[in-house]
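There are 2 protein chains.
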Amino acid sequence: MTDATPLDAEQLAAYFALKEVGSLLEHAVEQQLRVDGGLSGPQFQILARLAGSPRGHLRMTDLADGLVYSRSALTYQAAQLENAGLITRAPAEDDERSTVVTLTPGGRERLGKVMPGHIEVVQRLLFDTLTRDDIAAITDILGRVRDRMRTVPPRSAAPRRSTGARKPAD
Amino acid sequence: MTDATPLDAEQLAAYFALKEVGSLLEHAVEQQLRVDGGLSGPQFQILARLAGSPRGHLRMTDLADGLVYSRSALTYQAAQLENAGLITRAPAEDDERSTVVTLTPGGRERLGKVMPGHIEVVQRLLFDTLTRDDIAAITDILGRVRDRMRTVPPRSAAPRRSTGARKPAD
DNA sequence: TATTGTTATACTCTATAACTATA
DNA sequence: TATAGTTATAGAGTATAACAATA
Chain A
720 MTDATPLDAE
730 QLAAYFALKE
740 VGSLLEHAVE
750 QQLRVDGGLS
760 GPQFQILARL
770 AGSPRGHLRM
780 TDLADGLVYS
790 RSALTYQAAQ
800 LENAGLITRA
810 PAEDDERSTV
820 VTLTPGGRER
830 LGKVMPGHIE
840 VVQRLLFDTL
850 TRDDIAAITD
860 ILGRVRDRMR
870 TVPPRSAAPR
880 RSTGARKPAD
Chain B
720 MTDATPLDAE
730 QLAAYFALKE
740 VGSLLEHAVE
750 QQLRVDGGLS
760 GPQFQILARL
770 AGSPRGHLRM
780 TDLADGLVYS
790 RSALTYQAAQ
800 LENAGLITRA
810 PAEDDERSTV
820 VTLTPGGRER
830 LGKVMPGHIE
840 VVQRLLFDTL
850 TRDDIAAITD
860 ILGRVRDRMR
870 TVPPRSAAPR
880 RSTGARKPAD
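Those protein sequence lines, which keep their order, are chains A and B.
Under our numbering, the first residue of the first sequence is numbered 720, with each subsequent residue one higher.
Under our numbering, the first residue of the second sequence is numbered 720, with each subsequent residue one higher.
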């Protein structure tokens, strides 16, 4: 049990680099979004996806796909955005169970207000350091990883219920 | 500030891939840590850094360096770990202001209990998809990005002791 | 019965600012 | 005065489970 082949030094380096860059970037971006437009990361993501959709509206389920959060978390964020007047929610016409989320003009405006700073941060933090080749490499490699992650079973198959001594966290 | 050159398609693809992989990986890892050992991501990070240090102890300041969180967040997590018996805290001998954090045997054990699963997840999610060349490329590219991120002044420009403040204020 | 979404609840985590104490 | 760390507070975000409504 204790002898799962450890990650070698190069894997570790790659893993840590990925983790750190992801964290720092996320942190910087979230701060910018909050300062420039009072948006959290998840909220920005929702608005951006709506703006990127053909008619500026998507169902909750569409929004949920590809998000890391739970349904209730999405509902919570949608409520925040609705209260702020940035989106509207209405039952779908073809399927009354569904909720159609629509970007309001105010939402679009907010997005426009925040995007320049967003782009600036990502430019400065990420792309100022990268050549075109770097970018291509990252896209290729991480794109593959992402596709794989979306496919791989979420680790219920791992037979790891060994010790049985569930330490009470006290 | 209204005319920031937008990111081109390739930059966007790279940015999204990075963001998504980072999120998915973090999410999967945190779930594993919680299930296998009742640890949160930050808690695991603290334990791991202590285990990786020469004598299994570091000052709070050492732990704070390189972390994205605030000092109070670190204090909170340290308190959690101390209550769980995984670390101890004691004033430093040479400088009574400092707190020395030490990994307990229990903490080391907990880490050992969690590591196999951790490694397994990272292996399966990340490295099963990557060639040695991929890994080298990621380490090189993201390593450079990370170094740069650590250097670049934060956007909201706190007064820095060094010269070269890029933008006085927003 | 299955799917879509919301709500109620409880919890974890975080940041800010005020505070203590040492240097 | 500056540094190391803690605490008090207050808020944001999340997951789980129960729930309602529609298919």
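Yeah, the Cβ is synthetic: ideal placement off N, Cα and C, and Gly gets one too.
Being a predicted model, the structure only gives us computed values, none of them experimental.
What are the partner residues of residue i, as DSSP defines its beta bridges?
i                 : result
Thr821 of chain A : A:His776 and A:Thr807
Does residue i come out as helix, strand or coil in the three-state DSSP assignment?
i                 : result
Leu793 of chain B : helix
Arg812 of chain B : First, the amino acid is wrong: residue 812 of chain B is Glu here, not Arg. Glu812 of chain B falls in the coil class under three-state DSSP.
Leu737 of chain B : helix
Pro873 of chain A : coil
Gly757 of chain B : coil
Thr858 of chain A : helix
Pro725 of chain B : coil
Thr848 of chain B : helix
Asp784 of chain A : coil
Gln751 of chain A : helix
Gly831 of chain A : helix
Gln730 of chain A : helix
Pick out whichever of the options has its Cα sitting closest to the Cα of residue i.
i                 : options                                   : result
Pro761 of chain B : B:Thr794, B:Leu737, B:Asn802 and B:Ile860 : B:Thr794
Val864 of chain A : B:Val740, B:Asp727 and B:Phe735           : B:Val740
Thr858 of chain B : A:Ala736, A:Leu726, A:Ala728 and A:Thr724 : A:Ala736
Pro824 of chain B : B:Arg874, B:Ile806, B:Tyr788 and B:Ile765 : B:Ile806
Ala747 of chain A : A:Val841, A:Ala856 and A:Met834           : A:Val841
Val820 of chain A : A:Ala733, A:Leu845 and A:Ala797           : A:Ala797
Ser812 of chain A : A:Leu777, A:Leu845, A:Glu839 and A:Glu828 : As written in the sequence, residue 812 of chain A is Glu, which differs from the Ser given in the question. For the residues A:Leu777, A:Leu845, A:Glu839 and A:Glu828, the minimum Cα distance to Glu812 of chain A belongs to A:Leu777.
Pro835 of chain A : A:Leu743, A:Val754, A:Ile860 and A:Asp784 : A:Val754
Gly862 of chain A : B:Pro725, B:Thr724 and B:Leu731           : B:Leu731
Ala803 of chain B : B:Met868, B:Ala855, B:Ser791 and B:Ser759 : B:Ser759
Val787 of chain A : B:Glu729, B:Glu745, B:Arg774 and B:Ser789 : B:Glu745
Leu849 of chain B : A:Tyr734, A:Leu845 and A:Pro725           : A:Tyr734
Gly775 of chain B : B:Glu828, B:Val871 and B:Arg843           : B:Glu828
Leu844 of chain A : A:Ser742, A:Ala856 and A:Ala770           : A:Ser742
Gly756 of chain B : B:Ala856, B:Lys832 and B:Pro773           : B:Lys832
Thr724 of chain A : B:Glu839, B:Asp866 and B:Arg851           : B:Glu839
Glu679 of chain B : A:Lys738, A:Pro773, A:Asp852 and A:Ser772 : It is not possible to answer for residue 679 of chain B, since the shown part of chain B is limited to 720 through 889.
Lys738 of chain B : A:Ala770, A:Gly785 and A:Val871           : A:Gly785
Report all residues from its chain with a CB closer than 8 Å to the CB of residue i; omit the five preceding and five following residues, and keep chain order.
i                 : result
Ala767 of chain B : Leu830
Leu800 of chain B : Gln762, Ile765, Leu766, Ile806 and Gly826
Arg874 of chain A : none
Ala809 of chain B : Thr818, Val819 and Thr821
Phe846 of chain A : Ile854
Arg867 of chain B : none
Excluding sequence positions up to five away, which residues of its chain have a Cβ less than 7 Å from the Cβ of residue i?
i                 : result
His837 of chain B : Val748, Gln751 and Leu752
Leu782 of chain B : Ile765, Arg768, Leu793 and Val820
Arg869 of chain A : none
Arg790 of chain A : Ala783
Ala770 of chain A : Leu822, Arg827 and Leu830
Tell me which residues share the same chain as residue i and place their Cβ nearer than 6 Å to its Cβ, disregarding the 5 neighbours each side in the sequence.
i                 : result
Asp727 of chain B : none
Met779 of chain B : Thr818
Tell me which residues of the region 816–836 of chain A have at least one Cβ-Cβ distance to chain B shorter than 7 Å, keeping chain order. Pro835
What are the residues in the region 724–746 of chain A lying within 8 Å of chain B by C-beta distance? Thr724, Pro725, Leu726, Glu729, Gln730, Ala732, Ala733, Tyr734, Ala736, Leu737, Lys738, Glu739, Val740, Gly741, Ser742, Leu743, Leu744, Glu745 and His746
Please name the residues in the region 772–789 of chain A whose beta-carbon is closer than 7 Å to at least one beta-carbon of chain B, in chain order. Val787
The region 834–858 of chain A: positions lying closer than 8 Å to chain B by Cβ: Taking a C-beta cut-off of 8 Å against chain B, the contacting residues of the region 834–858 of chain A are Met834, Pro835, Gly836, Ile838, Glu839, Val840, Val841, Gln842, Arg843, Leu844, Leu845, Phe846, Asp847, Thr848, Leu849, Arg851, Asp853, Ile854, Ala855, Ala856, Ile857 and Thr858, listed in chain order.
Of the residues that make up the region 799–810 of chain B, which ones have a beta carbon closer than 8 Å to any beta carbon in chain A? Asn802, Ala803 and Gly804
When you check each C-beta in the region 861–874 of chain A against every C-beta of chain B, which residues fall closer than 7 Å? Leu861, Gly862, Arg863, Val864, Arg865, Arg867, Met868, Val871 and Arg874
Selection of the region 750–761 of chain A by Cβ proximity to chain B, strictly under 9 Å: Gln750, Gln751, Val754 and Asp755
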